[in-house]
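These notes are about the structure you will find just below.
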Amino acid sequence: MARDIVIGLDVGTSAVKIMVAENQPSRDVSRGDLSGSLNELHVLAAVQKPSAGLRRGYVTDPEAAAEAIKNAAKEAERISNAAIKHAYIAIDGIKLEASRAKGTVMVSRADGEISESDIKRAITQAESNLGGLANRTIIHRLPVFYKIDGEIILGQAIGTKGEKLEADALFITCLNQHLDGLVKSMEIADIAIDDIIAEPLAASYASLNKRQKEVGAVLVDIGAETTSLAVFEEGNILSLAVFPFGSTHITNDIALGLRISLEEAEQLKFGYISDNQKRKLSDIIEARLDDIFELIENHLKKIGRSGLLPAGAVLIGGGANLAGIENFAEKSLKLPVKMGTPVVPLKIHDKQIANPKWLTALGLCILGAAGSLDLEAENKIGRKKFQFQQPFFRWLKSFLP
281 MARDIVIGLD VGTSAVKIMV AENQPSRDVS RGDLSGSLNE LHVLAAVQKP
331 SAGLRRGYVT DPEAAAEAIK NAAKEAERIS NAAIKHAYIA IDGIKLEASR
381 AKGTVMVSRA DGEISESDIK RAITQAESNL GGLANRTIIH RLPVFYKIDG
431 EIILGQAIGT KGEKLEADAL FITCLNQHLD GLVKSMEIAD IAIDDIIAEP
481 LAASYASLNK RQKEVGAVLV DIGAETTSLA VFEEGNILSL AVFPFGSTHI
531 TNDIALGLRI SLEEAEQLKF GYISDNQKRK LSDIIEARLD DIFELIENHL
581 KKIGRSGLLP AGAVLIGGGA NLAGIENFAE KSLKLPVKMG TPVVPLKIHD
631 KQIANPKWLT ALGLCILGAA GSLDLEAENK IGRKKFQFQQ PFFRWLKSFL
681 P
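Just so you know, the sequence shown maps onto residues 281 to 681 in the working numbering.
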């Protein structure tokens with residue numbers, strides 16, 4: 281029987297992280313066999329290698345980025361004994377944006393029952409009402425809610441009846457050249473793209489459970505040169521933003537403030553410090569964190585969710601490993617804060633995977649396996665839901681040099 285292998289590739293500014301996982305039936309101990317039991321992901325390899333050719337989350341040198349990707353893939357192949365020929369890819373960067381728009385259509389069927397065709401027409405109408413799409417590509421079209429004859433529908437709209445359908449949808453976009461660079465890097469690395477997923481969205485499937493998404497939560501990913509966030513409520517993503525500050529800026533501040541090398545500053549950021557260094561180092565780190573969390577708080581105020589997310593904030597990414605960051609975030613956001621941990625059944629041999637920096641790669645694997653992985657209802661999205669609306673990569677490839 282062929283192995284059900286899924287691969288998640290998180291190409292970041294400072295590191296390339298690749299995770300290889302196998303979707304396996306978990307043993308039902310009471311029956312002594314594999315039938316009738318839940319599936320789980322068996323993580324076969326999790327490899328991190330230095331990145332190259334990226335700045336603030338987007339590819340600036342496809343050949344350098346491809347070489348870094350190939351280095352990580354080669355090591356992952358050796359550890360997992362699985363060929364790395366295709367992968368689910370996360371896309372991030374300071375120009376990853378989200379916009380909401382509404383579309384209204386008349387229900388097509390004579391009996392007023394809403395069909396899938398009506399839903400598609402309403403989303404298409406919402407898309408046509410978007411502005412500012414010059415030089416941008418829509419990578420996700422996500423419904424936030426539907427109204428039928430002016431009333432919000434709780435649950436599925438298909439099958440209900442009415443005369444007029446309104447869709448409120450979130451469209452996640454990125455700059456064409458950023459997408460081109462990522463696709464070109466994968467082409468050079470000779471790894472086929474299964475799908476491209478917005479990084480905060482991919483990470484949410486590994487780090488937020490159903491209840492957190494229902495009652496309201498913000499996922500904060502502190503990367504090397506960017507910090508991204510995604511706000512969820514009633515099971516849907518409401519907003520997404522990326523800011524041009526990350527943990528590398530903290531390293532730079534430490535190097536300047538203490539007049540030490542960048543290598544020493546990186547070690548101090550996460551490692552041991554003497555009592556003499558502690559106060560000054562804390563001041564330097566907190567000053568930059570204050571900038572980051574002020575941007576997050578301002579965004580929450582902008583969308584009317586400041587202090588109003590009962591599930592609070594979940595911190596992920598390499599920068600989430602900073603000592604004391606949870607307490608700092610709680611004071612800044614006035615919300616409960618916790619460190620991100622995997623929310624799906626996993627079989628792992630390496631404890632490093634519990635580190636919040638791995639949750640994007642893990643989320644990509646979860647999305648890739650979702651067609652057969654037994655998850656909670658809101659995670660059973662299947663592979664096609666997040667794929668582009670057209671044979672996108674064949675079309676895009678014709679424009680690449």
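Virtual Cβ for every residue (Gly too), placed ideally from N, Cα, C.
- prompt: Leaving out five residues before and five after phenylalanine 425 in sequence, what residues of the same chain have Cβ atoms less than 6 Å from its Cβ?
  reply: Ile432 and Asp448
- request: Enumerate, from N- to C-terminal direction, the unbroken alpha helix (DSSP H) stretches of 4 or more residues contained entirely within the segment 395-419.
  value: 396-408
query: Around the C-beta of methionine 299, are 16 or more other C-beta atoms found within 10 angstroms, so that it is buried, or is it exposed?
result: So methionine 299 ends up on the buried side.
query: DSSP three-state call for valine 300: helix, strand or coil?
result: strand
- request: Compute the Euclidean distance between the alpha carbons of arginine 585 and isoleucine 468, then round it to the nearest angstrom.
  value: 43 Å
Buried/exposed call for asparagine 303, threshold 16 Cβ in 10 Å: buried
task: Measure the alpha-carbon distance for glycine 337 versus leucine 481 and round it to whole angstroms.
output: Distance from the CA of glycine 337 to the CA of leucine 481, rounded to the nearest whole angstrom, comes to 15 Å.
message: Quick check: alanine 521 and valine 594, are their CB atoms within less than 9 Å of each other?
response: no
message: In the DSSP output, what is arginine 380 paired with across the bridge?
response: Leu450
task: Ignoring anything shorter than 3 residues or poking outside the segment 317-344, list the beta strand (DSSP E) runs there in chain order.
output: 319-330
Glutamine 233 burial status per 10 Å Cβ neighbour count (16 or more: buried): Because residue 233 is not part of the residues shown, which for the chain are 281 to 681, the question remains open.
query: Do you know how far the Cα of isoleucine 399 is from the Cα of isoleucine 279?
result: Coverage of the chain is limited to positions 281 through 681, which leaves residue 279 absent and any answer about it impossible.
query: With which residues is glycine 288 paired in a DSSP beta bridge?
result: As DSSP reads the structure, glycine 288 sits in a beta bridge with Met299 and Tyr368.
message: Less than 7 Å between C-beta atoms, sequence neighbours within five positions excluded: which residues of the same chain meet that for threonine 440?
response: Ile394, Ile428 and Ile433
- request: Less than 8 Å between the CB atoms is what I'm expecting for alanine 326 and glutamine 632, so what's the real figure, rounded?
  value: 7 Å
message: On the CB-based measure, 16 or more other CB atoms within 10 Å of its CB, does asparagine 415 come out buried or exposed?
response: A residue is called buried once 16 or more other Cβ atoms fall within 10 Å of its Cβ, and asparagine 415, having fewer, is exposed.
First and last residue of the uninterrupted alpha helix (DSSP H) at leucine 548: Residue range 542-550 is occupied by the alpha helix (DSSP H) that includes leucine 548.
task: Taking all protein chains shown into account, decide if alanine 437 is buried (16 or more other Cβ within 10 angstroms of its Cβ) or exposed.
output: Counting Cβ neighbours within 10 Å, alanine 437 comes out buried, since at least 16 surround it.
field: Helix, strand or coil at aspartate 474 [DSSP, three-state]
entry: DSSP places aspartate 474 in strand when its eight states are reduced to three.
query: phenylalanine 523 by DSSP, collapsed to three states: which one?
result: strand
message: With DSSP as the reference, identify every bridge partner of phenylalanine 512, one or two as the case may be.
response: Ala497 and Ile517
message: Taking only three categories from DSSP, how would you classify valine 594?
response: strand
- request: Going by CA-CA distance only, name the one from Leu459, Thr506, Leu499 and Gly599 that's closest to glutamate 566.
  value: Gly599
field: Per-residue DSSP class, three states only, for valine 309
entry: Any answer about valine 309 is weak, because its pLDDT of 37 lies below 50 and its placement is not dependable; what the coordinates show is given next. Valine 309: coil per DSSP, three-state reduction.
query: By Cβ distance below 8 Å, which residues in the same chain neighbour isoleucine 583 in space, the five residues on each side in sequence not counted?
result: Val511, Leu518 and Ser519
Under the three-state DSSP convention, the category lysine 444 falls into: Residue state for lysine 444 is assigned as strand, using DSSP reduced to three classes.
- request: Using 10 angstroms around the beta-carbon of proline 330, count the other beta-carbons present and answer buried if the total reaches 16, otherwise exposed.
  value: exposed
- prompt: Ends of the beta strand (DSSP E) at valine 617?
  reply: 617-619
- prompt: Thinking C-alpha only, which one of Gly648, Leu642, Ala649 and Ile646 is nearest lysine 297?
  reply: Ranking Gly648, Leu642, Ala649 and Ile646 by CA distance to the CA of lysine 297 puts Leu642 first.
query: Using a Cβ-Cβ cut-off of 8 Å (strictly less than) and excluding sequence neighbours within five positions of lysine 627, which residues of its own chain qualify?
result: Gln304, Ser306, Glu320, Leu321, His322 and Val323
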